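Following: one structure in structure tokens, then a few remarks.
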Amino acid sequence: MPLLRLESVSKTFRRGSGPTVHAVNGVSLTVERGETVALIGESGSGKSTTARLALRLQEPDSGTVVFDGTDLGAVGREELRRLRARMSMVFQEPFESLDPRQTVGRTVEEPLLIHRPDLSPSERRASALETLEQVALGEPFYDRYPAELSGGQQQRVGIARAIVTRPAFIALDEPTASLDLSVRAQILGLLERLREELGLAYLFVSHDIATVSHVADRVCVMYLGRIVEEGPVAEVLDHPRHPYTQALLSATLSPDPTVRTSAIRLAGQLPSATDLPDGCPLHVRCPIAVDACATTAVELDPVAPGHSVACIEADRALVRPVG
Ligand SMILES: Nc1ncnc2c1ncn2[C@@H]1O[C@H](COP(=O)(O)OP(=O)(O)OP(=O)(O)O)[C@@H](O)[C@H]1O
Ligand SMILES: [Mg+2]
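Count along the sequence shown starting at 1, add 7, and that's the number in the numbering used here.
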């Protein structure tokens, strides 16, 4: 049984009488225990919404989310609250996700107030201090306020708050995007160490392919609210089969200037999520689209063990000359 399973999950948003935004459209994904699954894709493709749906911080319009055998849509508030101790989230902007009026100690203890009412104040404090040690902050930070900390230290507090209840799963929504490069590496190292020490599984939302190639076991590529390709990270990044993945990767500069990255460009802009095209969502921009792409609904199909692609022309995408 996987730790987390999203099955055909969809979510739309509507502001007032405005048009409906199809943020997530029939996404299915699995996170196994101890695994890191990365979610990549352009801005607005539905990554953060998928992460929030996975934790049921938002309700899907349809589809199910099953965490450790429990359908989150079928349980009452109390049960959901209990499960929340085992699943948490770390956000992109550490400062915005922290309450500026609360000390670090209080911030880290807060989830314990909710999930471990059996603990005494001194036990809570001991637990928070132990957790602050785990994120390499320690006791000197206990009485400090978020504004007194660097961005990297703030994110360590966000991570401490996420692990203090000893979860099995954490959704990381671009956890290093707002940090300097050197700090980024430290935080990624910390997340990797915690994953090993605590046996955590991560859903890792990121724009950064280099980061994903370091931290993830598997990767899901999102486009307009759908997963268009998924598979083992090396397989997808080295042998991308969906034209969208190929374009996304070729937009990332190779660190080696002698390596010519294939220039696969998509035509036009990301279509609005309020007005989804029929057929394959990419066909209006796709360099290898054929007529059938405009009308054929595409499903993820396996192309290799554990590697699936939603493209009726995936075989052609494989042999297409690049450059
Ligand atoms: N609460 C909301 N109300 C209205 N629209 C929303 C809401 N949340 C998300 N959306 C819309 O849903 C779509 C997907 O948004 P989402 O934040 O999931 O994308 P993302 O892939 O995380 O993007 P980014 O890389 O910029 O963080 C976007 O069109 C966004 O504007
Ligand atoms: Mg986002």
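We treat Cβ as the ideally placed atom computed from N, Cα and C, and that holds for glycine.
These numbers come from a predicted model, not from an experiment.
- For Gly70, no alpha helix (DSSP H) segment is defined; the enclosing uninterrupted segment is the beta strand (DSSP E) at 69–74.
- For the pair of segments examined, the segment 224–244 was found to touch the segment 23–36: the number of CB pairs separated by less than 8 Å reaches three.
- Note: Arg12 is bridge-paired with Thr37, Val73 in the DSSP secondary-structure output.
- Only residues of its own chain outside the window of five on either side were considered, and among them Ser220 have a CB closer than 8 Å to the CB of Ala241, listed in chain order.
- Distances between the C-beta of Val97 and the heavy atoms of ligand 1 are all 6 Å or more.
- Under the DSSP assignment, Gly238 falls in the beta strand (DSSP E) whose first and last residues are 233–239.
- Proximity of the beta carbon of Ala135 to ligand 1 is not indicated: no heavy atom of the ligand is located closer than 6 Å.
- A distance below 7 Å separates the beta carbons of Phe148 and Val111.
- For the alpha helix (DSSP H) assignment, the uninterrupted runs of no fewer than 4 residues enclosed by the segment 76–135 are, from N- to C-terminal side, 84–90, 101–104, 111–122.
- A distance of 7 Å or more separates the beta carbons of Ala178 and Ala45.
- Closest in alpha carbon position to Ala304, among Val31, Ala317, Arg88, is Ala317.
- Near ligand 1, meaning a beta-carbon closer than 5 Å to one of its heavy atoms, we find Phe20, Val28, Ala30, Ser50, Gly51, Ser52, Gly53, Lys54, Ser55, Thr56, Ala280.
- For Glu116, the number of other beta carbons within 10 angstroms of its own is at least 16, and it is reported as buried.
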